[in-house]
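There are 2 protein chains.
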Amino acid sequence: MPVTITLAFTPETLLAPSQDAASTDASVLAMESTCAVMIDVLRASSVMTTAGAAGVDRIYTTASVDQALAVAKELRTSVSGQGDGAQGVLLCGERNCERIDGFDHGNSPAEYTSESVSGKQMVMTTSNGTRAIEAVKHCDRLLIASFLNLSSVLQRLADETSILIMCAGTHREISREDVLLGGAIVERLLQSKSASDVVLNDQAMIAHAAWCQAGVSSNAQLADALTHSIGASNLIRLGMAADVRRCAELDSISGVVMRCNESDETCLPVSLDASLDPVSRFKFFS
Amino acid sequence: MPVTITLAFTPETLLAPSQDAASTDASVLAMESTCAVMIDVLRASSVMTTAGAAGVDRIYTTASVDQALAVAKELRTSVSGQGDGAQGVLLCGERNCERIDGFDHGNSPAEYTSESVSGKQMVMTTSNGTRAIEAVKHCDRLLIASFLNLSSVLQRLADETSILIMCAGTHREISREDVLLGGAIVERLLQSKSASDVVLNDQAMIAHAAWCQAGVSSNAQLADALTHSIGASNLIRLGMAADVRRCAELDSISGVVMRCNESDETCLPVSLDASLDPVSRFKFFS
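Chains as they are written, first to last, in my numbering: chain V, 3 to 288; chain C, 3 to 288.
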């Protein structure tokens, strides 16, 4: 069976084949049988993966700070009913790369240790990652990919026949580090499948070339490649170069953060107030 | 002096650094000292270059068919005053890759021979190229680039210190053939300047990698590379594969189509009715 790999450099560059209603319906329908892969290398998807591997119980993502606060409040009520209190819920995220005032954690992977997150509920809002998650909401399945767990992501994609790789970008700009990981995923998929059976869109071909041309064969080379991007330059300017190196630790984590099914009753609360903006719920699968 | 190369995969992926008014002003200001390069390999920029080399007098581009008709009417009045009559003005362009009903020429380079266009005024409307031209209207200078005249384009860029490479794409989708030419221009600029003096945006880096990875060293390889793109697949489906090969004839033309200055009184008419959509005027410089 042929495998279709569609890659989008940002949510904006993913277009339905045509603007008419019939095509849009067909496009949504096609998305339903699609597995989406969200990429925000610097740093949302690296943070989510690190937190998942460190034992976080659930990750709730929101677009706005207000929604993050509302979700945390609702979760604290639920969790405290179980005797855990406010300690069991962490407010996490950034604006302009910096920790949000009053939040427990910012967006540095180093903050997400077992000591700080194991067994806890994480409510997270970031500038770019959340928009990318929303853009693929119609997809049946959603994986969060980082260089940290590239091989685990590929294992999860082994049986998929329709894959949508959604790069987050940086403030709506195409960001090279996300494109590189997208290209790395395309490269491994091409290796694992018969190339004649794989259909790539133009962006997937371009991302693949970008990754191959980067010629990465060590973590140091990967960190160097990631450094030449708009996402990295913002971090380096703010003194966060260590985060770039951390996000380049290829395959240091086994497991993948995946979106929970809507019917998953083990996510609390099961019915969140979506009046501010949509909330997505994620869990780590080792 | 450092050279800044900004590349946009489509008009939509060119973003001002920020949305606030001060930055937008700064961005327009920066564009004013910038030389823009418009790329629509399949086929608007290849057609314009071919027509220019075949001796067309002026090319007027419009977004809409209605505006093309209005401009042609105005030109015919002017030209007939010079004794040339309606024969001196050609209506050219496509919708969905096909010649527009009632127009003289479609969008195949092969149609633009000396016999058919020499000394004439060309009014042209295409699906994608015109939008890309409009997106860079604030730039001081605008060159039309194709693989046909790559070396001539590079000669014109030799002394520029701020270059904006605008790929047209296909119906707002990123199209690989445009990105490849953009990458080829970046590659030649990097060769001609000290690499440490060149600042690339992420899209320029990605395009550069796509071109280098394509490993093109002959026209046949270039045609093959162009074939794997959304733009080419549309043409091939319509039986126009010969156009793809034609647009891959690297450096077969010496000279560049460039936008005329607003004050250029040799363009007729000097004041066009822009009530429908903007009109740009071009001339071939050998």
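Using N, Cα and C, we set each Cβ at its ideal position, and we do this for glycine too. Since the model is a prediction, treat every value here as computed from it, not as a measurement.
Looking at the structure shown, is residue i part of a helix, part of a strand, or coil, going by DSSP?
i	result
V39(C)	strand
G184(C)	helix
C99(C)	coil
E251(V)	coil
E162(V)	coil
M124(C)	strand
C262(V)	coil
L9(V)	strand
T15(V)	helix
C169(C)	strand
C214(C)	helix
L191(V)	helix
V119(C)	helix
T268(V)	coil
A23(C)	The predicted model places A23(C) with a pLDDT of 47, which falls under 50 and marks its position as unreliable, so this point remains unresolved.
P280(V)	coil
Applying a beta-carbon distance threshold of less than 7 Å, which residues of chain V neighbour residue i?
i	result
A212(C)	I208, A211 and A212
V181(C)	I208
Determine the closest residue to residue i out of the options, with distance taken between C-alpha atoms.
i	options	result
G57(V)	L191(V), A250(V) and S120(V)	S120(V)
P4(V)	A160(V), S235(V) and V155(V)	A160(V)
E245(V)	Q193(V), C99(V) and V258(V)	The displayed chain sequence assigns Asp, not Glu, to residue 245(V). Among Q193(V), C99(V) and V258(V), the Cα nearest to that of D245(V) belongs to C99(V).
E189(C)	A225(C), L152(C) and S164(C)	L152(C)
F287(V)	I146(V), L278(V), A206(V) and T229(V)	I146(V)
L202(C)	H210(V), S231(V), V259(V) and A170(V)	S231(V)
L182(C)	A137(C), I208(C) and M126(C)	I208(C)
S254(V)	H210(V), V39(V), S48(V) and E264(V)	S48(V)
R261(C)	D59(C), L16(C), A32(C) and V43(C)	D59(C)
I176(V)	M33(V), I41(V) and K195(V)	I41(V)
G104(C)	A112(C), E113(C) and C94(C)	C94(C)
S66(C)	D106(C), V125(C) and E34(C)	V125(C)
D180(V)	L191(V), C37(V), S198(V) and W213(V)	W213(V)
A55(V)	T63(V), R101(V) and E113(V)	E113(V)
F284(C)	A46(C), T12(C), T6(C) and A10(C)	A46(C)
L237(V)	A206(V), S118(V) and V43(V)	V43(V)
V258(C)	R158(C), S198(C), G171(C) and A222(C)	R158(C)
H173(V)	A186(V), A227(V), V218(V) and N130(V)	N130(V)
R143(V)	A134(V), V39(V) and P13(V)	V39(V)
L92(V)	D68(V), S80(V), P13(V) and D106(V)	D106(V)
Show which residues of chain V have a CB atom less than 8 Å away from the CB atom of residue i.
i	result
R283(C)	Ordered by position in chain V, no residue passes the 8 Å Cβ test against R283(C), which lies about 31 Å from the chain.
R178(C)	D204, M207 and I208
Check the Cβ of residue i against every Cβ in chain C and list those closer than 7 Å, keeping chain order.
i	result
L17(V)	R174 and E175
Q215(V)	A211, C214 and Q215
Who are residue i's beta bridge partners in DSSP?
i	result
A147(V)	I41(V)
C94(V)	H107(V) and M126(V)
K285(C)	M260(C)
V155(V)	Answer by DSSP bridge pairing: none, since V155(V) is not bridged.
E175(V)	T172(V)
V201(C)	T6(C)
Taking 6 Å as the line, does the beta carbon of residue i fall inside it for any heavy atom of the ligand MN?
i	result
A186(C)	Although the ligand MN was asked about, the structure shown includes no ligands whatsoever.
So residue i contacts chain V; which residues on that side make the cut at Cβ distance below 9 Å?
i	result
S231(C)	D204 and M207
By the criterion of Cβ-Cβ separation under 8 Å, what are the contact partners of residue i in chain C?
i	result
E14(V)	E14 and T15
Taking only runs that begin and end inside the segment 44-92 of chain C, name each unbroken beta strand (DSSP E) of 3 or more residues, in chain order. 60-64
Let me know the alpha helix (DSSP H) ranges lying completely inside the segment 216-253 of chain C, each 4 residues or longer, listed in chain order. 221-229, 232-239 and 243-248
If you measure beta-carbon to beta-carbon, which residues of the segment 185-202 of chain V are closer than 8 Å to chain A? Going by chain labels, chain A is absent from the structure shown, which instead holds the protein chains V and C.
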